[in-house]
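Protein chains in written order, with our numbering: chain A, 1 to 208; chain B, 1001 to 1208; chain C, 2001 to 2248; chain D, 3001 to 3230; chain E, 4001 to 4230; chain F, 5001 to 5072.
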Ligand code: HEM
Ligand SMILES: Nc1ncnc2c1ncn2[C@@H]1O[C@H](COP(=O)(O)OP(=O)(O)OP(=O)(O)O)[C@@H](O)[C@H]1O
Ligand SMILES: Nc1ncnc2c1ncn2[C@@H]1O[C@H](COP(=O)(O)OP(=O)(O)OP(=O)(O)O)[C@@H](O)[C@H]1O
Ligand SMILES: [Mg+2]
Ligand SMILES: [Mg+2]
């Protein structure tokens, strides 16, 4: 079986500081990969490289053995990325935000109510996002994952601002996703259950 | 001994939803109070009320038995508040950011290098904040705490984006602060060591 | 002042007071409006220099004069709310802004229509007209600010600051006629408002001014009640009222 | 080669545009404010240059067009800035859907919210400035053809500056020079019309500019966005 | 009653102003851009109105002042917006130091970055528009007294709208009406000067406006900031 | 009565256009404002009722959730 996503000798340099050098790894179906490292180690930089949002100093990222710059459309069909910024518009309601981002991603837009319920936002569907708390905003962004049809998930600190019950639910979702042949690359500074059980770890500090 | 800060029958209503009703509690020197509650329970709203950044629907907050609206200057002399937003300017260097916020707060501006070292930003003093990572930005804001001369600290999710080593250091700082007669009111969704040992908890969901 | 106001400072009481006052204002203003309109349109004599179109005066002058009074009333309400922390004064100020804006627009439009036959142009950039246009902008600014904030209490405080800053403009509007070389307007005004204005014309004009004032009162009461409801949506008495409507 | 598309291009276009309009409607002011800005600017000029009718008649086309230009400029900043700072621009860049269609939809929404109202209120402004009645049709036609060009060209500048903190004034530096041809031909057309001379040549040039902008701008904007979010 | 102050008011003022200037220097463009905007707007007018010298001489004072006004307006948005969205405004509100001094310092920095350059470049612009040479001193004096008023009054509008998403255009609705008196008296003074008539009366009124704005605005702005960050 | 006949009155000495437009617009504007203000009360109360129900629903849901949790 060919790999889903492959980092090929990635080098990232920011402000003359080498964050990682010739980093290579493979993401296969069923993988749960946690990128580790202290603050400023380069986790966010790596994830943005993987998603094609920025270009590496050297090396390339490959989707199904093809450079992602060459097959943007196919790759993005199969990718869900959630970064430090939630991408939630304060002027739209929770449900409007969700259905717009789903249709951008060509994900499943049926049964949105279910996703809303999963992230415990029932009762807030029609509240404007600017009227919701930090964690509730984050939940609107995460609700996408429940409807996602893409295999590769790249998530930068998905658990920020989420309460304990929410974290547990998300962890369960992660397990389901990899069990169904998906792959997840994520970062987190929190102690997680799943990380201990099933995650591979890539520690950026060990690399240089 | 009189209390440092007292919440007197605070009622908070947002969008016609009562978040808490006639909530009263006292913050004394040496207290470490964790506000708990799920996403959207009203933690941030409560902390902003306590800091005088917004006004309660009913009730009042008292500093040394005086309404804070009547003694703003004295109260703010004795308060350090760090919210969801870090208050760090991307166009200034780490050290410029820190020294400005310290002088605003009339805190100790000697020995700033020490504070920078405490938050592991040595080597990044002269980097512009916009060139630092999410966690490093947050650390610039937190560095203030090491120089703070104020008794009351109000911190909204101070551990967001901070790595594990950083969290441990902060916890130690909290213990030192309350041991020296300070008081801390904070929120966090993470499992903490100190919370189990020495914190009082106020759970917003049990209140209604 | 404070003691006299206080009993009505409770939202529910003042809501009821407004409800009892409203019919008196409404009925008297409707009666006077009808009388004033018929008197002005059909019975007042013709004017010497201008033809029948001078009859526009009976709506132009009341709306023009009163629109500025409404602004001052609004500013007073804001001041009361700031000095005595009286939230109801905020509701009153919020209620008045759209009324003032409508009157200003009315005066502008009727003036423009009047100008067409009497000056041969409906708009000139002279002192009074321009500064009056500024008044409309000020009103629109206050209304926009009221609408921009979700929280009514905050909206009132923000709009209140703007209202007070805008008061500086009122004397400028009043006296700009003298500061700035004006064209047609002053001549026309002095012609009509000089003592030479016959009492047969003056009385219907005064009637109309009174009628407009009463109408403004009635409208303010209606809108004031709405504002009180919106600002006290949490109170049980409002909830009861709402439940009645919800059932229907 | 690409996977089956669940959304046709047209649907995508409508969806993005609809969203932007919805955001604008929620910020109620967004719809009225460009208009009000225009009215205020138009009011400032007679105050600044004096109220003489002849003078105003002379400069009316220029003033209206410069004001339209500035109004477009002011409102343009919003076009991508908010999307950038809340992260939804990132999400659009990561969508498998073609970016230039989304960009075109956003620009169309911007024009509906700023260009169209200008056209609708233009006769009133012209009246206030005592513009020559003969020139009204020319004013309307040039505005109808020219304001979309303003939105389309402006979007390129906004896309280039969206990642920078500077925004506003750098933007004007980038795009005002590009606006100049539109301004020149539009006012020339109106002045010709006021003298009862033919002006179809000018109109043809503006139309050409519109077609050019319509075909090139969405691609330029897409490329610029990928660069400035890097 | 208050605790011993480690910073005198003057130090606080300098520190806040220094910070704002440093931020502007880092965004290099911030210093040049208002100027360039002004130059471009001034260039647009001859293009829109036509190049006749007499006509330009007539409308020059009005155009320069309207452009100065719009340039102030455009740059004003920055005044508190960035501080608001990165949370440093919150920190200022929570400082034991008097807010109105910080506000005054920020407004002064804004004026140094936008008002002062306008004054310095004004003679050049006047030359470009063939302004009457007699009127130059009046132009300079009115700009020197008037531009601080623009910054001071504008700050009130910005402070009121800083918490709102709408920003830009609502701002213009709020403060342009308040700018009109400055515009009227300034251009009237310049026109009087061009006719070699006395204009000290107008200057006196502008000075009065300046004093009024200087005393009231910092407090109005402080109050507005507390409201809009609520 | 100043006018000789009703049609004279309507004609307003040849200036009917101006007079009737002015009166017409004025009273239309004022009437609209009145209607909008009066109607606002009803829609406001409806809104408040809706929100009250919404709040009850939320409370109910939270209660349900709690009882569920305590069961498990
Ligand atoms: C758009 C056009 C016009 C505007 C904005 C306008 C505005 C005003 C204002 C604001 C006032 C009230 C002044 C005060 O209370 O101090 C007023 C009064 C008056 N206007 Fe007009 N006006 C306009 C056109 C006209 C025309 C065309 C006429 C008649 C030829 C006219 C005749 C009068 C008269 C007679 C008064 C009462 C004067 C007095 O007692 O002070 N107006 N107008
Ligand atoms: N600006 C606002 N306008 C109206 N309602 C708001 C606003 N901000 C928050 N709310 C409401 O107040 C509730 C509490 O918000 P708050 O931010 O205090 O929650 P929180 O406990 O801090 O949550 P989190 O853990 O997600 O940070 C939210 O559920 C939301 O409905
Ligand atoms: N925009 C930028 N320009 C220049 N350098 C940058 C920029 N952003 C980040 N860096 C540098 O890259 C390093 C890694 O940043 P990155 O955001 O990838 O860290 P991270 O591992 O995600 O940290 P955190 O845990 O704090 O989120 C930082 O130390 C910083 O020096
Ligand atoms: Mg990161
Ligand atoms: Mg919170």
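All C-beta atoms in this analysis are idealised placements derived from N, C-alpha and C, irrespective of residue type, glycine included.
How would you write the range of the beta strand (DSSP E) that residue i sits in, first residue to last?
i	result
residue 200 of chain A	200 to 203
residue 183 of chain A	183 to 187
residue 62 of chain A	58 to 63
residue 26 of chain A	17 to 27
residue 153 of chain A	152 to 156
Could you tell me the alpha carbon to alpha carbon distance between residue i and residue j, rounded to whole angstroms?
i	j	result
residue 154 of chain A	residue 27 of chain A	11 Å
residue 162 of chain A	residue 1161 of chain B	12 Å
residue 2201 of chain C	residue 2069 of chain C	23 Å
residue 5032 of chain F	residue 2038 of chain C	21 Å
residue 164 of chain A	residue 1038 of chain B	8 Å
residue 211 of chain A	residue 24 of chain A	The first residue shown for chain A is 1 and the last is 208, placing residue 211 of chain A beyond what the model contains.
residue 2135 of chain C	residue 2169 of chain C	8 Å
residue 5010 of chain F	residue 2117 of chain C	17 Å
residue 3070 of chain D	residue 2101 of chain C	27 Å
residue 2199 of chain C	residue 2095 of chain C	35 Å
Along the chain, where does the alpha helix (DSSP H) containing residue i start, and where does it finish?
i	result
residue 2065 of chain C	2057 to 2084
residue 1124 of chain B	Careful: residue 1124 of chain B lies outside any alpha helix (DSSP H) and carries neither H nor E.
residue 9 of chain A	No alpha helix (DSSP H) contains residue 9 of chain A, which is instead part of the beta strand (DSSP E) from 5 to 14.
residue 3014 of chain D	3009 to 3026
residue 3079 of chain D	3078 to 3085
Measure the CB-CB distance between residue i and residue j and report whether it falls below 7 Å.
i	j	result
residue 5026 of chain F	residue 2110 of chain C	yes
residue 1108 of chain B	residue 1147 of chain B	yes
residue 2131 of chain C	residue 2103 of chain C	no
residue 2165 of chain C	residue 4101 of chain E	no
residue 2089 of chain C	residue 2080 of chain C	yes
residue 1106 of chain B	residue 4096 of chain E	yes
residue 4190 of chain E	residue 4135 of chain E	yes
residue 4152 of chain E	residue 4122 of chain E	no
residue 2075 of chain C	residue 2224 of chain C	no
residue 1156 of chain B	residue 1040 of chain B	no
residue 1168 of chain B	residue 1034 of chain B	no
residue 3103 of chain D	residue 3198 of chain D	no
residue 1013 of chain B	residue 2234 of chain C	yes
residue 3209 of chain D	residue 3149 of chain D	yes
residue 90 of chain A	residue 129 of chain A	yes
Using a Cβ-Cβ cut-off of 6 Å (strictly less than) and excluding sequence neighbours within five positions of residue i, which residues of its own chain qualify?
i	result
residue 95 of chain A	125
residue 6 of chain A	26 and 62
residue 2217 of chain C	2025
residue 2018 of chain C	2221, 2224 and 2225
residue 2237 of chain C	2012
With a threshold of 8 Å on Cβ separation, who are the neighbours of residue i within its own chain once the five nearest residues in sequence on each side are excluded?
i	result
residue 115 of chain A	98, 143, 144, 146 and 147
residue 4093 of chain E	4099, 4225, 4226 and 4229
residue 188 of chain A	34, 157, 158, 159 and 195
residue 3062 of chain D	3187
Using a Cβ-Cβ cutoff of less than 7 Å, which residues in the same chain neighbour residue i once the five nearest sequence positions on both sides are dropped?
i	result
residue 2149 of chain C	2155 and 2158
residue 5066 of chain F	none
residue 4053 of chain E	4130
Any alpha helix (DSSP H) of 4 or more consecutive residues that is wholly inside the region 69 to 123 of chain A: As for any alpha helix (DSSP H) of minimum length 4 sitting wholly inside the region 69 to 123 of chain A, the runs are 72 to 77, 94 to 104 and 112 to 118, ordered along the chain.
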